[in-house]
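*Asks:* Take a look at this one; I'll ask things after.
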Amino acid sequence: MMVPELLAFPGTGFAADAPPPPGAPPQEQKEYLANAICEQRRAREAELAQSDSVVKQALAEMLKAPELQTCEVRERWRWRDDGAMEPPSRSPRDPRPGQWFAATVEALLWFAVGLFVIVTGWWLWRHAPKAFSHARPRVVKSGSRLVQGRDEITAPPDAGLGDAAWQLWSEGQPRQALRMLYQGSLAGLATRRGLPVRPSATEVECLRLATAQLTDPELLEFLRRLTRVWQVTAYAHRLPDEAEVHGLCAEWPRHFARATRDE
């Protein structure tokens, strides 16, 4: 859309008139406005001439040139958006909204990563030791091999093995005491009773072999009680009753030391 615009140029001068009355024709208002512009120019020239400044006086002398003594007002049409003010440029320190958004998202991501690391570390600190402690007994199977090496089976047990096992128990070494009593019984079965006990045999296999080949009910009952006590101590990490262990240590020579004397 085009609108009229008044521009002042050097040209013919006009005398200042009184302001047009309200409701005057547009042409009369334009003429008064043009005359007012020219009069303001002449008043500025007179002000420069009366100034004490040398520069302003020199400027007033230059404006007295004939080609600069005329005033002309022209009217032209222009587009409404022509010459519109450009939007103020953004300051280099003022980031764009996109940069603000990207920085916010990045900060949130780093916060989420840090929170995840903290929560994971806290969970491991609280639960990992319990998980490992629960899983540790499962590493040893109930059928693990207890007799390591053929020499422990072929070597005959000492007649005082029961007393030695009870001595270990009294010294606060229950696991070592029951291990000695159990392995000594296996050695007695292999060397004194003639049972073909393999070095790799498990507790269940040894008890099954003894049940199949032995006819002594008291010895079988002794082996069952000893096997049960040993498994509870070795795998369940629970100590049996002290009286029961003392009875097994005292009964051991009856089954194996007697076989030694019979030989």
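Here the working numbering is used: the first residue of the sequence shown is 15, the next is one more, and so on. Glycine included, every Cβ here is placed at the ideal spot set by N, Cα and C. Please read these numbers as outputs of a predicted model, since none were measured by experiment.
1. What is the DSSP secondary structure of residue 185, counted as helix, strand or coil?
2. Considering only C-alpha positions, which residue in the set 81, 259 and 88 is nearest to residue 176?
3. Return helix, strand or coil for residue 212, following the three-state DSSP convention.
4. Within the continuous alpha helix (DSSP H) that includes residue 46, where are the two ends?
5. At which residues does the alpha helix (DSSP H) containing residue 70 begin and terminate?
6. Please state whether DSSP places residue 268 in a helix, a strand or coil.
7. Run the CB neighbour count on residue 203, radius 10 Å, all protein chains shown included, and call it buried at 16 or more, exposed below.
8. Could you give the residue range of the alpha helix (DSSP H) that holds residue 242?
9. Can you check whether the CB of residue 170 is closer than 9 Å to the CB of residue 215?
10. Between residue 178 and residue 267, which are expected to be in contact by the criterion C-beta below 8 Å, what is the C-beta distance as a whole number of angstroms?
11. How about the region 189-201 and the region 228-245: do they share at least three Cβ pairs that are nearer than 8 Å?
12. Assign residue 191 to one of three DSSP states: helix, strand, or coil.
13. Could you tell me how far apart the beta carbons of residue 246 and residue 252 are, in whole angstroms, since I believe they sit closer than 8 Å?
14. Can you find the residues in the same chain that come closer than 8 Å, C-beta to C-beta, to residue 221, ignoring five residues on each side of it along the sequence?
15. Going by other Cβ atoms of all chains shown within 10 Å of its Cβ, with 16 needed for buried, is residue 233 buried or exposed?
16. Going straight from the alpha carbon of residue 117 to that of residue 91, what length do you get?
17. Quick check: residue 227 and residue 209, are their CB atoms within less than 9 Å of each other?
18. Look at the Cβ atom of residue 57, then the Cβ atom of residue 74, and state whether they are nearer than 9 Å.
19. Going straight from the alpha carbon of residue 76 to that of residue 113, what length do you get?
20. Taking the C-alpha atoms as reference points, what is the distance between residue 155 and residue 249?
21. Do residue 263 and residue 183 have their C-beta atoms closer together than 9 Å?
22. To the nearest angstrom, how far is it from the Cα of residue 211 to the Cα of residue 132?
23. How long is the line joining the alpha carbons of residue 89 and residue 45, rounded to whole angstroms?
*Replies:* Short version:
1. Here residue 185 sits in coil by DSSP.
2. 259
3. DSSP places residue 212 in coil when its eight states are reduced to three.
4. 40-63
5. 68-77
6. helix
7. buried
8. Per DSSP, residue 242 belongs to the alpha helix (DSSP H) from 231-248.
9. no
10. Not a contact, Cβ separation roughly 11 Å.
11. Under the 8 Å Cβ criterion, the region 189-201 counts as touching the region 228-245, having at least three qualifying pairs.
12. helix
13. 5 Å
14. 237, 238 and 241
15. buried
16. 49 Å
17. yes
18. no
19. 55 Å
20. With a pLDDT of 39 at residue 155, under the threshold of 50, the modelled position of this residue cannot be trusted, and the question is left open.
21. yes
22. Straight-line spacing of the CA atoms in residue 211 and residue 132 works out to 55 Å.
23. 11 Å
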